[in-house]
Every structure is written in structure tokens, then in C-alpha cells.
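Accompanying notes for the structure given below.
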Amino acid sequence: MPEFTRRQFMATAAFASGFALAVQPIAASVITTNAEGIVAGAVKIPVSDGEMPAYRAMPAKGTNFPIVLVIHEIFGVHAHIEDVCRRFAKLGYVAIAPQLFTRQGDVLKLSSVDKIRPIVAKVPDAQVMSDLDATAAWAAKASKGDAAKLAITGFCWGGRIVWLYATRTPTIKAGVAWYGRLVGEPNLLMPTHPVDVACALKVPVLGLYGGKDTGIPLTTVEQMRDRLKSSSSKSEIIVYPEAPHAFFADYRPSYREADAKDGWKRLQAWFKQNGA
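Numbering (mature numbering (1 follows the signal peptide of the UniProt record, and there is no 0)), first residue to last: -22 to -1, 1 to 254.
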């Protein structure tokens, strides 16, 4: 795999560009979290083949912060994901959102989902898992994070990753998966999907899904629920009956304020009750 270039790093560290701006017709609903009392900005995570760009936010004072990995949608680490990191920092976490597609392409410069999907399709799960390991290790070593209090959350594409990483990494305290895909045909880059590994899950994961999500049928959500009964993780799935896909994304027309706020409250409670 090629090493990251400075050009790639600067491009992926932008506060907002590409598709994120193209889908912002509802500016009144966009949440903007200031950086008062926190440290926030672009960082570089050492990985096996170079450095990976990421966005980090953490309290300005203190140490031994719980760590939360924030996994982006297919649109990459744009303004919304960065804001989510700042929200976590305000709660006392060191939050890091690594740009997980950089080796395959720069999705932040693209304005069409049809152009983004081929890039995302080239991203191996194994690469993502390794990059998240590196991100968690860096957070503990270089960002005053407490490795014993590691959590993960992700949205859409990132929601699927939450289930997979939590299954693979039993040291995680808790995970929250927002409308992540649960089933799919296996291939060389994505050999398993959440429903395939649910029985082996030991980490408590909270799944937040929309009843009106046309891309994630409720039949697959119920299939996942059934598989989770055989795990020791005490995971749960909440379905918001009237919510569409991406109901947490306040920069998109799919945003549903009441459901998003309820989900955010549930996330905080889930992390706290599970030691993250």
C-alpha cells in the first residue's frame, strides 16, 4: 500500500468539502460545537505504511481521558464528524475520527455518491481493523487517553465497522452502531458481516436503527437481534419507528431531531454504564 502524502493529509483534514457541502440544504438544523475548553484539530496517526490523517478533540486540561473512536460515513471525516468529536470532548473524552479511505481515494473532493461508492468498495476490512488498532494505541500514548476505557461509535458505513471491531476487540468497553448494515454477501475484502459474527460478540453494543430505513430492512435488524441472543455481550438494538436512514446526520434532510437527541442520550448512558 502506498504511503500517505502531505497532499492527501491536507485534503482529508479539511473542515468541510465535497459531498458534505453538497447536501446541506437544511443549514438551520446543523449543530456547531465550539472549541472552548477543548483542543481540536487535524492529527496524524502512525500506521504500518506511513501516517493516517485524523481529527482529534479532547479536553484542554486533565489526563487519562476515556477514548472513543468515531467512525465516519462513506463521506469521510467532514464537518459533521468533526463536530461529533468536539461533542465528545465536551463530555470529557478524547475522540478521534481516522480517515479510513485515504489509501483508496479522497472522497472529500467528490460531490456524487456514485463516485464515492467505488472508492469505499476497495477498502478492506482488515485494513480498517488494523488502522483502528493504531488509532486506539496512539490515543493512549499521545493524547492522554486511558486504554482501559475504550469505546467506539460509527454511522452508516461506520456503524457496520462498530459491530465488526467490537467482535474482534474484546478489550473495548462499549460500542454504539448507528444504522450500520448488518448483512451482505462475503467477498475477499469483506469476508464477514455483523450478522455472521454476532454470536461471538462479547462487547456490549447498542444498535440504533430507523424503522423507515429503506437501505436496511427491518427483517435484517430482527435477524441480528435473534443472533445476539446467543452472545454473552448483553447488546441491544433500538428501532425508531418513523426514522429514515441517517437520522442523526444534522447536515442532511434525513435528520430527525427528536430521535437523534434520544439516541445521543442513550449513547452517553450506554458508555457510562459499561465503563467507557
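The beta-carbon is built from N, C-alpha and C at its ideal position, and this holds for glycine as well.
> Would you report the Cα separation of residue 235 and residue 219, rounded to the nearest angstrom?
Replying inline: Rounded to whole angstroms, residue 235 to residue 219 spans 14 Å at the Cα level.
> Which ranges would you report for the beta strand (DSSP E) in the segment 82 to 169 if only whole runs of at least 3 residues count?
Replying inline: Fully enclosed beta strand (DSSP E) runs of 3 or longer: 123 to 133 and 152 to 156.
> From the DSSP output, which residues share a beta bridge with residue 43?
Replying inline: DSSP output for residue 43 lists 123 as bridge partner(s).
>> By the three-class DSSP mapping on this structure, what secondary structure does residue 200 have?
In response: In the structure shown, residue 200 adopts helical secondary structure according to DSSP, grouped into three states.
>> By the three-class DSSP mapping on this structure, what secondary structure does residue 235 have?
In response: Residue 235 falls in the helix class under three-state DSSP.
> Could you give the distance in angstroms between the alpha-carbon of residue -22 and the alpha-carbon of residue 172?
Replying inline: Here residue -22 scores only 34 on pLDDT, less than 50, and its place in the model should not be relied on; the value that follows carries that caveat. If you draw a straight line from the Cα of residue -22 to the Cα of residue 172, it is about 26 Å long.
>> To the nearest angstrom, how far is the alpha carbon of residue 99 from that of residue 175?
In response: Rounded to the nearest angstrom, the gap between the Cα atoms of residue 99 and residue 175 is 21 Å.
> When the Cα atoms are used, what is the spatial distance from residue 26 to residue 128?
Replying inline: Separation of residue 26 and residue 128 (C-alpha to C-alpha, rounded to the nearest whole angstrom) is 21 Å.
> How would you label residue 92, buried or exposed, when you count the other beta carbons within 10 angstroms and need 16 or more for buried?
Replying inline: Residue 92 counts as exposed, since fewer than 16 other beta carbons sit within 10 angstroms of its beta carbon.
> Considering only C-alpha positions, which residue in the set 206, 253, 142 and 186 is nearest to residue 221?
Replying inline: It is 186.
>> Quick check: residue 179 and residue 211, are their CB atoms within less than 7 Å of each other?
In response: For residue 179 and residue 211, yes; Cβs fall inside 7 Å.
> Per DSSP, what kind of secondary structure is residue 250 in: helix, strand or coil?
Replying inline: Assignment of residue 250 by DSSP, reduced to helix, strand and coil, places it in the helix class.
>> Restricting to Cα atoms, I'd like to know which of 146, 223 and 137 is closest to residue 184.
In response: Residue 137 is the option with its Cα nearest to residue 184.
> residue 243: buried (16+ other C-beta within 10 angstroms of its C-beta) or exposed?
Replying inline: Exposed, since its Cβ has fewer than 16 Cβ neighbours within 10 Å.
>> Taking 8 Å as the limit between beta carbons, can you name the residues of its chain near residue 192, skipping five residues before and five after?
In response: The answer, listed in chain order, is 222 and 223.
>> Using 8 Å as the cut-off, can you tell me whether the segment 57 to 73 makes contact with the segment 30 to 39, which would need three or more C-beta pairs spanning the two stretches below that distance?
In response: They touch, by the three-pair rule.
> Grouping DSSP H, G and I as helix and E and B as strand, with all else coil, what is residue 14?
Replying inline: Assigned with DSSP and collapsed to three states, residue 14 falls in coil, not helix or strand.
> So, is residue 253 buried or exposed, given that buried needs 16 or more other C-beta atoms within 10 angstroms?
Replying inline: So residue 253 ends up on the exposed side.
> Can you tell me where the alpha helix (DSSP H) with residue 60 in it begins and where it stops?
Replying inline: Segment 57 to 68, the alpha helix (DSSP H) holding residue 60.
>> Beta-carbon within less than 6 Å of residue 7's beta-carbon, same chain only, minus the 5 sequence neighbours each way: which residues are those?
In response: Excluding its 5 nearest sequence neighbours in each direction, residue 7 has C-beta neighbours in its own chain below 6 Å: 228 and 233, listed in chain order.
> Taking Cβ to Cβ, would you say residue 103 is nearer than 7 Å to residue 168?
Replying inline: Here residue 103 is near residue 168, since their CB atoms are less than 7 Å apart.
> Which whole-angstrom value is the C-beta distance of residue 49 and residue 130, which I expect to be below 8 Å?
Replying inline: A Cβ-Cβ distance of about 7 Å is found for the pair residue 49 and residue 130, placing them in contact under the 8 Å criterion.
> In terms of residue numbering, what span does the beta strand (DSSP E) encompassing residue 37 cover?
Replying inline: The continuous beta strand (DSSP E) containing residue 37 extends over residues 28 to 37.
> residue 205: buried (16+ other C-beta within 10 angstroms of its C-beta) or exposed?
Replying inline: A buried status is given to residue 205, since no fewer than 16 other beta-carbon atoms sit within 10 Å of its beta-carbon.
>> Can you give me the C-alpha to C-alpha distance between residue 123 and residue 250, rounded to a whole angstrom?
In response: The alpha-carbon atoms of residue 123 and residue 250 are separated by roughly 16 Å.
> DSSP puts residue 76 in a beta bridge; with which residues?
Replying inline: Paired residues: 32.
> Ends of the beta strand (DSSP E) at residue 183?
Replying inline: That run of the beta strand (DSSP E) goes 183 to 188.
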